[in-house]
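Under full-length UniProt numbering, think of the first position of the sequence shown as 1, with each following residue one higher.
Note that the Cβ used here is the ideal one computed from N, Cα and C, for glycine as well.
Notes to accompany the following structure.
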Amino acid sequence: MQRKTIREIALNLVKEYQTNNPIELCACLGIPIHYDDLGKNVMGYRTKLFGVSSIVLNSRMDSEEIRLTCGHELGHDQCGHEDNADYLRKSSLYSRVLYGTEYEANCFMVELMLAENSLDDGVDTEEGVMRAVPIPMWAAPYVDWTYVKKELLVNKMAGSNI
Numbered sequence: 001m002q003r004k005t006i007r008e009i010a011l012n013l014v015k016e017y018q019t020n021n022p023i024e025l026c027a028c029l030g031i032p033i034h035y036d037d038l039g040k041n042v043m044g045y046r047t048k049l050f051g052v053s054s055i056v057l058n059s060r061m062d063s064e065e066i067r068l069t070c071g072h073e074l075g076h077d078q079c080g081h082e083d084n085a086d087y088l089r090k091s092s093l094y095s096r097v098l099y100g101t102e103y104e105a106n107c108f109m110v111e112l113m114l115a116e117n118s119l120d121d122g123v124d125t126e127e128g129v130m131r132a133v134p135i136p137m138w139a140a141p142y143v144d145w146t147y148v149k150k151e152l153l154v155n156k157m158a159g160s161n162i
C-alpha cells in the first residue's frame, strides 16, 4: 500500500471521528480492545475472526505504550491486512522494517499521531516534531519528513499550526 493511501486513511478517520486517539477510534469503529498479560515481549496483537477484528493489548504497558501499540494494531485493521494475528513485539520496534504489513502498520500509527496535532512556532526540527507530538524516536524512520516539512512550511506561511 502506498504511503499516501495510508495517510489518507488515517486523516479520513480523524476527520470523521474528530480524534486521533486510537482507543477512541476503536470504540467508534466497534473494534473491541482487550487487555491481558502478554509477557515481557509481546506488546499487542490484532486478530480477525469471522470478519470481526479485535485488539489485545499487554496490560503491563504504560499509557503511552498502549496508545502507540493500539495505533499500530488499528493500522493492521484499517490497511486491510488479512493475517489472523499480527503481533507487535518489543524487539521488532528497534529493527527498522522497510516493507510489508509491519511497515504499513507503523506508518499508519505515525500518520495517526501526526494528524490534527498543533505544533508550536518554535518546532522546526525533526526531533522537535517527535517530542511535540509525541512520537518515540524509534518511529522516526516511519515519518514522511518531506510531507511533514512541507506541511510545517505551508502552515507557518498561513499563520496556523500543523
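- Per DSSP, reduced to three states, the secondary structure at residue 44 is strand.
- Checking the DSSP bridge columns, you'll see residue 58 partnered with 36.
- Residue burial is scored here from C-beta neighbours: residue 76 has at least 16 other C-beta atoms within 10 angstroms and is therefore classed as buried.
- For residue 114 against residue 133, the beta-carbon gap comes to about 6 Å, under 8 Å, which counts as contact.
- Looking at the DSSP output, residue 63 shares a beta bridge with no other residue.
- Cβ neighbours of residue 26 within its own chain (closer than 7 Å, five residues either side excluded): 33, 55, 70 and 74.
- If you look at residue 8, you'll find it in the alpha helix (DSSP H) that goes 3-17.
- Residue pairing by DSSP puts residue 52 in a beta bridge opposite 49.
- Buried is the label assigned to residue 106, since at least 16 other Cβ atoms lie within 10 Å of its Cβ.
- Excluding residues up to 5 positions away in sequence, 58, 59 and 60 lie with their Cβ nearer than 8 Å to the Cβ of residue 37 in the same chain.
- Excluding the 5 residues flanking it on each side, residue 116 has same chain C-beta neighbours closer than 6 Å at 14 and 20, in chain order.
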